[in-house]
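2 protein chains.
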Amino acid sequence: MSVTHSACGHPCSECRLRTLPAFLALSEPERHAVAEWRSGSRKVAAGERIIAEHLRSDLLYTLYSGWAFRYKTLSDGRRQILNFLLPGDLVGLQDEFADGRTHGVEAASDTVLCTFPRDRLWDFFLQHPKLGYDITWLAAREEKMVDDNLVTAGRRTAAERVAMLLMHLYRRAEHLGMTEAGRVEFPFQQQHIADALGLSLVHTNKTLRKLQRLGLHRLEGGWLEILEPHALEALGDYFDRPMRPVPLL
Amino acid sequence: MSVTHSACGHPCSECRLRTLPAFLALSEPERHAVAEWRSGSRKVAAGERIIAEHLRSDLLYTLYSGWAFRYKTLSDGRRQILNFLLPGDLVGLQDEFADGRTHGVEAASDTVLCTFPRDRLWDFFLQHPKLGYDITWLAAREEKMVDDNLVTAGRRTAAERVAMLLMHLYRRAEHLGMTEAGRVEFPFQQQHIADALGLSLVHTNKTLRKLQRLGLHRLEGGWLEILEPHALEALGDYFDRPMRPVPLL
DNA sequence: CGAAGCCTTGAGATTCCTCAACCCAGGTGG
DNA sequence: CCACCTGGGTTGAGGAATCTCAAGGCTTCG
Numbered sequence: 001m002s003v004t005h006s007a008c009g010h011p012c013s014e015c016r017l018r019t020l021p022a023f024l025a026l027s028e029p030e031r032h033a034v035a036e037w038r039s040g041s042r043k044v045a046a047g048e049r050i051i052a053e054h055l056r057s058d059l060l061y062t063l064y065s066g067w068a069f070r071y072k073t074l075s076d077g078r079r080q081i082l083n084f085l086l087p088g089d090l091v092g093l094q095d096e097f098a099d100g101r102t103h104g105v106e107a108a109s110d111t112v113l114c115t116f117p118r119d120r121l122w123d124f125f126l127q128h129p130k131l132g133y134d135i136t137w138l139a140a141r142e143e144k145m146v147d148d149n150l151v152t153a154g155r156r157t158a159a160e161r162v163a164m165l166l167m168h169l170y171r172r173a174e175h176l177g178m179t180e181a182g183r184v185e186f187p188f189q190q191q192h193i194a195d196a197l198g199l200s201l202v203h204t205n206k207t208l209r210k211l212q213r214l215g216l217h218r219l220e221g222g223w224l225e226i227l228e229p230h231a232l233e234a235l236g237d238y239f240d241r242p243m244r245p246v247p248l249l
Numbered sequence: 001m002s003v004t005h006s007a008c009g010h011p012c013s014e015c016r017l018r019t020l021p022a023f024l025a026l027s028e029p030e031r032h033a034v035a036e037w038r039s040g041s042r043k044v045a046a047g048e049r050i051i052a053e054h055l056r057s058d059l060l061y062t063l064y065s066g067w068a069f070r071y072k073t074l075s076d077g078r079r080q081i082l083n084f085l086l087p088g089d090l091v092g093l094q095d096e097f098a099d100g101r102t103h104g105v106e107a108a109s110d111t112v113l114c115t116f117p118r119d120r121l122w123d124f125f126l127q128h129p130k131l132g133y134d135i136t137w138l139a140a141r142e143e144k145m146v147d148d149n150l151v152t153a154g155r156r157t158a159a160e161r162v163a164m165l166l167m168h169l170y171r172r173a174e175h176l177g178m179t180e181a182g183r184v185e186f187p188f189q190q191q192h193i194a195d196a197l198g199l200s201l202v203h204t205n206k207t208l209r210k211l212q213r214l215g216l217h218r219l220e221g222g223w224l225e226i227l228e229p230h231a232l233e234a235l236g237d238y239f240d241r242p243m244r245p246v247p248l249l
């Protein structure tokens, strides 16, 4: 594991993420406290593991750039993606309270992560209750995403699932300013989509192609283009709420 | 909504839950702070709503006795149960950070809940960072359960799902001392199980009966009896870890 | 040029769903 | 006290959605 001091290329005081409107402003002392806690950064290439399943990482992370996902696998190898991670997401918090049997985290594109030594988490809560509250916020927000994914896997049809996932990912990327003219860079393979939706690879492919033939979206060359957002939202019964700015560690 | 002062029948200083080994001991000042925050209690009968979907409750709850569940419904009525709630579980925290579109909570048996005014949550974090940390812990623990349920709905077969759910509920009840000689009171209807597992009612029924015919469990008269725990665990690919004691608000 | 990885498509098998009965226990009103 | 109704649970039959298997295409890379 290579932990360099700033793979992001900036000092924290000039963090590019923090200037985005998607994130809540922190006070100067809070920013200082976070920068203080931060021990460095780490690059993880597409397809590499960020946190191995069943292992408790000594580090917490904030995803600085790129796409990643949390997953669990059954003992015979069936894999379920739990949720996707975008810049600003906190990685590895649940392990703090784990009794083994935790999820894994893998990079879907090349990623850069800020690292925070886990053993100072409790101290950080104690000294900065406001930021502790923010961490709870992030945890609750992630749970809500998993809730949505569970509804999807449990109760939506294949076409509804695909529509919902495409819009969900697009909206989140849009919120972070990662889209342009209805397009996002999309590093996921169809296997990822299948594993996130609880579908087989083949059926995922057929469903994607069907929606694409209907002209709802285009997915090729590592780019996703949303052509009919309203149709996709209606099909997926998934309607966007204006997203509130969120804390950033 | 009837909020009485102690439907549990005790002052908080003699809370019966708190004496269970399933829960972490709090210091005297912490117990006092929790009792201070607690505004009363509320009884909710089986089948009644505790928190309505899409509404933000002014109260947080700790489930004191009985069984409940969180759920979401799609606009055409399809319902997905997200996870089950047992005594000691914190209810309604996610709403704090919600942008609308939240889950509902319903009592599966007659329940008693302790109430906490939500508008003092932030103040509580500030004054008792240790308890804030505990709340984060509870949130992370619940997310892990939803994670498991998502794996179930996405990747397990019907028989595996049922086996996993029965063992999961049994183990949690056992941890709280609610079991005796392999039996628990089981207030759920087959429709609840179906909604939790992402199966139809009919298929749930057939799967339950199949496992029962194999002698793995017995489910009748509102009681669940686990006859072959190891077989159920193996079938569900769901293995129990010793559960750590958990904070109790 | 061959190999590997991912996408695509068809065909047949399987799981799971829907529809439609029927059963049984409990509650209610005549 | 009994007829009826209601709400669960149970079962069978047929159909739909999804899965598995298998093959072939395209692109990238060595």
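So the sequences go chain by chain: A and B.
According to full-length UniProt numbering, the first sequence is numbered sequentially starting from 1.
According to full-length UniProt numbering, the second sequence is numbered sequentially starting from 1.
Don't be surprised by glycine CBs; every beta carbon is placed ideally from N, CA and C.
Contact under 8 angstroms by Cβ, residue i with residue j
{"i": "B/Arg101", "j": "B/His54", "result": "yes"}
{"i": "B/Arg241", "j": "A/Asp99", "result": "yes"}
{"i": "B/Pro129", "j": "A/Pro129", "result": "yes"}
{"i": "A/Ala140", "j": "B/Gln94", "result": "yes"}
{"i": "B/Leu165", "j": "B/Ile135", "result": "no"}
{"i": "A/Arg183", "j": "A/Trp223", "result": "yes"}
{"i": "A/Leu227", "j": "A/Leu235", "result": "no"}
{"i": "B/Glu96", "j": "B/Leu113", "result": "no"}
{"i": "A/Gly104", "j": "A/Ala52", "result": "yes"}
{"i": "A/Leu176", "j": "A/Pro87", "result": "yes"}
Contact with chain B by residue i, beta-carbon distance below 8 angstroms
{"i": "A/Ser65", "result": "no"}
{"i": "A/Ser75", "result": "yes"}
{"i": "A/Pro245", "result": "no"}
{"i": "A/Gln80", "result": "yes"}
{"i": "A/Pro11", "result": "no"}
{"i": "A/Pro87", "result": "no"}
Inter-residue Cα distance where the pair is residue i and residue j
{"i": "B/Leu131", "j": "A/Leu24", "result": "24 angstroms"}
{"i": "B/Leu150", "j": "A/Asp147", "result": "8 angstroms"}
{"i": "B/Asp195", "j": "B/Arg79", "result": "6 angstroms"}
{"i": "B/Met167", "j": "B/Val202", "result": "21 angstroms"}
{"i": "A/Ser41", "j": "A/Pro245", "result": "24 angstroms"}
{"i": "B/Asp123", "j": "B/Met243", "result": "30 angstroms"}
{"i": "A/Lys43", "j": "A/Ile50", "result": "9 angstroms"}
{"i": "B/Gln58", "j": "B/Arg31", "result": "Per the sequence shown, residue 58 of chain B should be read as Asp rather than Gln. Roughly 22 angstroms between the two C-alpha positions."}
{"i": "A/Ser2", "j": "A/Val91", "result": "The pLDDT assigned to A/Ser2 is 45, lower than 50, so where the model puts this residue is not dependable; a value taken from the coordinates is nonetheless given after this. Each residue's alpha carbon lies about 17 angstroms from the other."}
{"i": "B/Val10", "j": "B/Ala35", "result": "This sequence places His at residue 10 of chain B; Val is not what is there. Approximately 12 angstroms, taken between the alpha carbons."}
{"i": "B/Glu14", "j": "B/Thr115", "result": "17 angstroms"}
{"i": "B/Pro29", "j": "B/Cys12", "result": "13 angstroms"}
{"i": "B/Asp237", "j": "A/Ser27", "result": "47 angstroms"}
{"i": "A/Ala231", "j": "A/Glu220", "result": "20 angstroms"}
{"i": "B/Phe239", "j": "A/Arg56", "result": "18 angstroms"}
{"i": "B/Arg218", "j": "B/Glu185", "result": "12 angstroms"}
{"i": "B/Val162", "j": "B/Thr152", "result": "9 angstroms"}
{"i": "B/Trp37", "j": "B/Leu248", "result": "13 angstroms"}
Closer than 8 angstroms to chain A by CB, residue i
{"i": "B/Gly198", "result": "yes"}
{"i": "B/Arg241", "result": "yes"}
Quick one, which residues of the region 203-237 of chain B are near chain A if we go by CB-CB under 8 angstroms, in chain order?
If the cut-off is 8 angstroms between Cβ atoms, the region 203-237 of chain B has Asp237 near chain A.
For the region 45-56 of chain A, which residues have a CB atom closer than 9 angstroms to at least one CB atom of chain B, in sequence order?
Look at the region 45-56 of chain A: it has no residue with a C-beta under 9 angstroms from a C-beta of chain B.
Beta carbons nearer than 9 angstroms to chain A: which residues of the region 132-162 of chain B have them?
Against chain A - using a Cβ distance shorter than 9 angstroms - the residues of the region 132-162 of chain B are Gly132, Tyr133, Ile135, Thr136, Trp137, Leu138, Ala139, Ala140, Arg141, Glu142, Glu143, Lys144, Val146, Asp147, Asp148, Asn149, Leu150, Val151, Thr152, Ala153, Gly154, Arg155, Arg156, Glu160.
Below 8 angstroms, can you find three or more Cβ-Cβ pairs linking the region 104-113 of chain B to the region 51-67 of chain A?
Counting Cβ pairs under 8 angstroms, fewer than three are found: no touch.
For the structure I just gave you, are there three or more beta carbon pairs, one from the region 71-81 of chain B and one from the region 14-23 of chain B, closer than 8 angstroms?
The region 71-81 of chain B, when compared against the region 14-23 of chain B, does not touch it at the 8 angstroms Cβ threshold.
The region 91-107 of chain A: which residues have C-beta closer than 9 angstroms to a C-beta of chain B, in chain order?
Look at the region 91-107 of chain A: the residues with a C-beta under 9 angstroms from a C-beta of chain B are Leu93, Gln94, Asp95, Glu96, Phe97, Ala98, Asp99, Gly100, Arg101, Thr102, His103.
Determine which residues of the region 113-126 of chain B have a Cβ less than 8 angstroms from any Cβ of chain A, and write them out in chain order.
The region 113-126 of chain B vs chain A, Cβ under 8 angstroms: Trp122, Phe125, Leu126.
Closer than 8 angstroms, Cβ to any Cβ of chain B: which residues of the region 15-43 of chain A, in chain order?
Cβ proximity to chain B below 8 angstroms picks out nothing from the region 15-43 of chain A.
Taking contact to mean at least 3 C-beta pairs separated by less than 8 angstroms, is the region 194-214 of chain A in contact with the region 156-166 of chain A?
Between the region 194-214 of chain A and the region 156-166 of chain A there are three or more C-beta pairs closer than 8 angstroms, enough to call the two in contact.
Taking contact to mean 3 or more Cβ pairs, one atom from each stretch, closer than 8 angstroms, check whether the region 82-92 of chain B and the region 133-148 of chain B are in contact.
Cβ pair count under 8 angstroms is three or more, so yes.
Give the residues from the region 173-197 of chain A that approach chain B closer than 7 angstroms (Cβ to any Cβ), ordered along the chain.
Of all residues in the region 173-197 of chain A, none comes within less than 7 angstroms of chain B when Cβ atoms are compared.
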